[in-house]
Amino acid sequence: MVQQQQQQQHRIYILQFRKGEQDQEVACKVSTPPKAGAGRRVMYYYHDYGGGGAGKNGKAAQPRAFSMRRFFGLLLLSFVSVGTLFVAPVSFFSFVHSDEGGGGAAAAARRAVEVAAAPCSGMGNDSLCCDRTSTRADICFARGDVRMHSASASFQLVSSSSGNATAAAVEEERIRPYTRKWEANVMATIDEVRLRRVPAGGAARCDVVHDVPAVVFSTGGYTGNVYHEFNDGILPLFVTSNHLRRRVVFVILEYHDWWMTKYGDVVSRLSAFPPIDFTADRRVHCFPEVIAGLRIHGELTVDPEKTPEGKSIRHFRTLLDDAYRGRIQYLERLERRAARSRKRRAAAAKPTTTSIALPIMAPPAKQASPSPPDRPRLVIVSRTGSRVIENEADVAALAADVGFDVRVVRPERTTELCKIYRELNASDAMVGVHGAAMTHFLFMRPGKVFVQVVPLGTDWAAGAYYGEPAARLGLRYVGYKILPEESSLSREYPTGDPVLTDPAGVGKRGWDVTKKVYLDRQNVRLDLPRFREVLVGAHRHLVAGKRRRRQRESQ
1 MVQQQQQQQH RIYILQFRKG EQDQEVACKV STPPKAGAGR RVMYYYHDYG
51 GGGAGKNGKA AQPRAFSMRR FFGLLLLSFV SVGTLFVAPV SFFSFVHSDE
101 GGGGAAAAAR RAVEVAAAPC SGMGNDSLCC DRTSTRADIC FARGDVRMHS
151 ASASFQLVSS SSGNATAAAV EEERIRPYTR KWEANVMATI DEVRLRRVPA
201 GGAARCDVVH DVPAVVFSTG GYTGNVYHEF NDGILPLFVT SNHLRRRVVF
251 VILEYHDWWM TKYGDVVSRL SAFPPIDFTA DRRVHCFPEV IAGLRIHGEL
301 TVDPEKTPEG KSIRHFRTLL DDAYRGRIQY LERLERRAAR SRKRRAAAAK
351 PTTTSIALPI MAPPAKQASP SPPDRPRLVI VSRTGSRVIE NEADVAALAA
401 DVGFDVRVVR PERTTELCKI YRELNASDAM VGVHGAAMTH FLFMRPGKVF
451 VQVVPLGTDW AAGAYYGEPA ARLGLRYVGY KILPEESSLS REYPTGDPVL
501 TDPAGVGKRG WDVTKKVYLD RQNVRLDLPR FREVLVGAHR HLVAGKRRRR
551 QRESQ
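The sequence shown begins at 1 in UniProt numbering and counts up by one.
#1: His539 by DSSP, collapsed to three states: which one?
#2: Is there contact between the stretch 329-349 and the stretch 264-278, where contact requires at least three CB pairs shorter than 8 Å?
#3: Quick check: what's the CA-CA separation for Ala272 versus Thr279?
#4: Is Val212 helix, strand or coil by DSSP?
#5: Compute the distance between the beta-carbons of Asn225 and Ile389, then report whether it is under 9 Å.
#6: Give me the Cα-Cα distance between Ser312 and Thr458, rounded to the nearest whole angstrom.
#7: Take Gly220 and list the residues in its own chain whose beta-carbon comes closer than 8 Å to its own, dropping the five residues that flank it on each side.
#8: Between Thr307 and His297, what straight-line distance do the alpha-carbon atoms span, to the nearest angstrom?
#9: Return helix, strand or coil for Ala142, following the three-state DSSP convention.
#10: Who are the Cβ neighbours of His228 in its own chain at under 6 Å, not counting the five residues just before and after it?
#11: Do Phe238 and Val146 have their CB atoms nearer than 9 Å?
#12: Consult DSSP for Tyr421 and reduce its assignment to one of helix, strand or coil.
#13: My parser needs the beta strand (DSSP E) runs of 3 or more residues fully inside the stretch 254-340; what are they?
#14: In chain order, what residues of the same chain lie with their CB nearer than 8 Å to the CB of His541, ignoring the 5 residues before and after it?
#15: Go ahead and label Val212 buried or exposed: buried means 16 or more other beta carbons lie within 10 angstroms of its beta carbon, across all protein chains shown.
#16: If you run the structure through DSSP and keep just helix, strand and coil, what is Gly201?
#17: Nearest-angstrom Cα distance between Leu294 and Arg422?
#18: From the DSSP output, which residues share a beta bridge with His228?
#19: I need the boundaries of the alpha helix (DSSP H) containing Leu500, first residue and last residue.
#20: Where does His243 fall in DSSP's three states?
#21: As a quick exercise: from Phe441, Ala184, Asp138, pick the residue whose alpha carbon is nearest that of Pro236.
#22: With a threshold of 16 other CB atoms inside 10 Å of the CB of Leu157, please say whether the residue is buried or exposed.
#23: DSSP three-state label for Ile482, please.
#24: Should His469 go down as buried or exposed, given a rule of 16 or more other Cβ atoms within 10 Å for buried?
#25: Output needed for Asp405: all residues of its chain with C-beta closer than 6 Å, excluding positions within five of it in sequence on either side, in chain order.
#26: Let me know the secondary structure DSSP gives His434 once reduced to three states.
#27: Pull up the CB-CB distance for Gln452 and Ala462, whole angstroms please, since I reckon it's below 8 Å.
#28: I'd like to know whether the C-beta atoms of Arg314 and Leu473 end up nearer to each other than 9 Å.
#29: Spatial neighbours of Trp259 within its chain, please: C-beta separation below 6 Å, excluding the five flanking residues on both sides.
#30: With contact counted as at least three CB pairs below 8 Å, one residue from each stretch, are the stretch 513-523 and the stretch 379-389 in contact?
#31: Give me the residue from Phe531, Asp497, Arg247 with the minimum Cα distance to Glu392.
#32: Please classify Arg345 as buried or exposed, where buried requires at least 16 neighbouring CB atoms within 10 angstroms.
#33: Helix, strand or coil for Asp48, going by three-state DSSP, please let me know.
#34: Out of Gln555, Val216, Val209, point me to the one whose CA is closest to His285's CA.
#35: Output the distance between the C-alpha atoms of Gly310 and Pro494, rounded to the nearest integer angstrom.
#36: Indicate the three-state DSSP secondary structure (helix, strand or coil) for Arg530 in the structure shown.
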């Protein structure tokens, strides 16, 4: 029996509890494997937004009576859809509309022209097309009756007429849906998917029918490195699917439970449906459209000129706010509850016996000093292994002396991403040494300060991967380029060695040399008087900004 999937008006979390930890007031449903002995058990937490037609635990909703209001709404939608198909050669299922006012009309018109001129933009129903013009990633589209057949690692586009039987035997596209097309070594590790046309008589029978498109991508490759997880996965996923308004199903190759645990909050803001594990789910899912692959605009960025609705990296930042807000509020409730519990235990531990104390002359209490004005919060993102700040404690003390409220964050693989987001979202400045952890600048609010310590041999990468994207987000970016004497390499190589005096020249020997010398074997010891100038400048910027905001609010 064909199961018609209904849209669920729920937020989906995938939770992973530590061993021995008590369950924390959540309503959970444990999914069952597709068949005995196969698949995995995944725990979904549904946050009900209310007003939805789907069951609380993801069960199919009961059909409602077909009212006159629904009839006229469907009729109006039909007129709009037909008009859209005639006006713009894009699919009904992935068409977008703009929420911009008159001020953005020119930009919206320009984007519409660019979209219309893009490869595959003119394809209609019952068609298959791939755009391979980008050097970063391929993307393929199949529209019509498209059926997922994971047993053959393919999606079948069922021909609408017998006249296409000849074409069905030869029309096929292959794609590795990952956004590092130019890196042959890593792309060779990505599973390949086929999109092929088949005659109606040779198509797999549908087990689950969806009325929304699917986006197919891989979480293989460099997944495990937070920079690549955002740059190669999450941001391209936003670019490709955000305009679909959560009416999209994600089909994931090389599915990892830990990835969904880590990014479930964000994924649930892009899709209202549970993701599909392409390898483990052997059911035949049928879609009206399949988009295989993701679009990528550059390093940690979203180009508003290339998105259907003019979305930018700041819109992605807003999505992160929405994604983590509920979880942060939940963590705050747990912390308040734990604080009350500690207070009760402390009160219960007080001695119940009474004693007579002799009077003791205590020295006069010092007059409490007035509370200092609000100090900007500065977070130092600490590293272990290589590129460590060897005098980190001194740097923290220096920042406090300048006037910052200093926090030190040490992200680990097991650290919940929401907790890092919470810390940096509330901060005014972030300091860290060049590396993947600098990706967390995405968690900071526009107008704040990002100071990246740039070790020897990393100038270009520090600017291209983090500095320039941070500026596009609206942060005040400061690149602190260390001097040779601030590098631990100065203790390994003699004065005047090219490793210290000509890192760019050494870098020309190849990536392996750069990685071995400058990334894997280098630590930094900051020149405190020199770095103090950077911190003073950041502090002045933040204090002046706060002063201006208060003046505007008082007017």
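We put the beta carbon where it would ideally sit given N, CA and C, even for glycine. Predicted model only: the values in this text are computed from it and were never measured.
Concretely, from the data shown:
#1: As a first step, residue 539 must be located in the sequence shown, where it is residue number 539. His539: helix per DSSP, three-state reduction.
#2: no
#3: On the sequence shown, position 272 is the one that residue 272 refers to. On the sequence shown, position 279 is the one that residue 279 refers to. Straight-line Cα distance between these residues: approximately 21 Å.
#4: Numbered from its first residue, the sequence shown carries residue 212 at position 212. Three-state DSSP puts Val212 in coil, outside helix and strand.
#5: Reading the sequence shown from its first residue, position 225 is the one you call residue 225. Reading the sequence shown from its first residue, position 389 is the one you call residue 389. No, the Cβ-Cβ distance between Asn225 and Ile389 is not below 9 Å.
#6: Translated into positions along the sequence shown, residue 312 becomes position 312. Translated into positions along the sequence shown, residue 458 becomes position 458. Each residue's alpha carbon lies about 27 Å from the other.
#7: In the sequence shown, counting from the first residue as 1, residue 220 sits at position 220. Same-chain partners within the cutoff: Tyr178, Thr189, Ile190, Asp191, Leu253, Glu254.
#8: Position 307 of the sequence shown, counted from the first residue, corresponds to residue 307. Position 297 of the sequence shown, counted from the first residue, corresponds to residue 297. Roughly 9 Å separates the two Cα atoms.
#9: The count along the sequence shown starts at 1 and reaches residue 142 at position 142. DSSP places Ala142 in strand when its eight states are reduced to three.
#10: Your numbering for residue 228 matches position 228 in the sequence shown. Within the same chain, His228 has close Cβ partners Tyr222.
#11: Taking the sequence shown and counting its residues from 1, the one referred to as residue 238 is at position 238. Taking the sequence shown and counting its residues from 1, the one referred to as residue 146 is at position 146. Cβ atoms of Phe238 and Val146: not closer than 9 Å.
#12: Along the sequence shown, one-based indexing puts residue 421 at 421. Three-state DSSP puts Tyr421 in a helix.
#13: 285-292
#14: Reading the sequence shown from its first residue, position 541 is the one you call residue 541. Val449, Arg476.
#15: Walking along the sequence shown from the start, residue 212 turns up at place 212. When all chains shown are included, Val212 counts as buried.
#16: Sequence index remark: in the sequence shown, residue 201 carries index 201 (1-based). Looking at Gly201 - three-state DSSP - the assignment turns out to be helix.
#17: As a first step, residue 294 is located in the sequence shown; it is residue number 294 there, counting from the start. As a first step, residue 422 is located in the sequence shown; it is residue number 422 there, counting from the start. Looking at the two C-alpha atoms, the distance is approximately 28 Å.
#18: Taking the sequence shown and counting its residues from 1, one reaches residue 228 at position 228. Paired residue(s): none; His228 is not in a bridge.
#19: Along the sequence shown, one-based indexing puts residue 500 at 500. Where Leu500 is concerned, the enclosing alpha helix (DSSP H) stretches over 498-501.
#20: If you number the sequence shown from 1, residue 243 lands on position 243. Reduced to three states, the DSSP call for His243 is helix.
#21: Taking the first residue of the sequence shown as position 1, residue 236 is located at position 236. Taking only the C-alpha atoms, the option nearest Pro236 is Asp138.
#22: Along the sequence shown, one-based indexing puts residue 157 at 157. Buried, because 16 or more other Cβ atoms sit within 10 Å of the Cβ of Leu157.
#23: Here residue 482 is taken as the residue at index 482 of the sequence shown, counted from 1. DSSP places Ile482 in coil when its eight states are reduced to three.
#24: Within the sequence shown, the letter at position 469 stands for residue 469. It is worth fixing the name first, because residue 469 is Pro in this sequence and not His. Pro469 is buried by the Cβ-count criterion.
#25: Looking up residue 405 in the sequence shown gives position 405. So the list reads Arg375, Arg377, once near-sequence residues are dropped.
#26: Taking the sequence shown and counting its residues from 1, the one referred to as residue 434 is at position 434. In this structure, His434 counts as coil in the three-state DSSP scheme.
#27: Here residue 452 refers to the residue found at position 452 of the sequence shown. Here residue 462 refers to the residue found at position 462 of the sequence shown. With a Cβ gap of about 6 Å, Gln452 and Ala462 count as contacting.
#28: As a working note, residue 314 is residue 314 in the sequence shown. As a working note, residue 473 is residue 473 in the sequence shown. In contact: Arg314 and Leu473 (Cβ atoms closer than 9 Å).
#29: Sequence index remark: in the sequence shown, residue 259 carries index 259 (1-based). Excluding sequence neighbours, Trp259 sits near Thr219.
#30: yes
#31: Here residue 392 refers to the residue found at position 392 when the sequence shown is read from its first residue. Ranking the options by Cα distance to Glu392, first place goes to Phe531.
#32: Taking the first residue of the sequence shown as position 1, residue 345 is located at position 345. Label assigned to Arg345: exposed.
#33: Residue mapping note: residue 48 aligns to position 48 of the sequence shown, counting from 1. Bear in mind that the predicted position of Asp48 carries a pLDDT of just 30, short of 50, making it unreliable; the figure below should be weighed with that in mind. Asp48 falls in the strand class under three-state DSSP.
#34: On the sequence shown, residue 285 is found 285 positions in, with the first residue counted as 1. If we check each option's Cα against that of His285, Val209 comes out closest.
#35: The sequence position of residue 310 within the sequence shown is 310, counting from 1. The sequence position of residue 494 within the sequence shown is 494, counting from 1. Computed Cα separation, rounded: 52 Å.
#36: Start at 1 with the first residue of the sequence shown, and residue 530 comes out as number 530. Here Arg530 sits in helix by DSSP.
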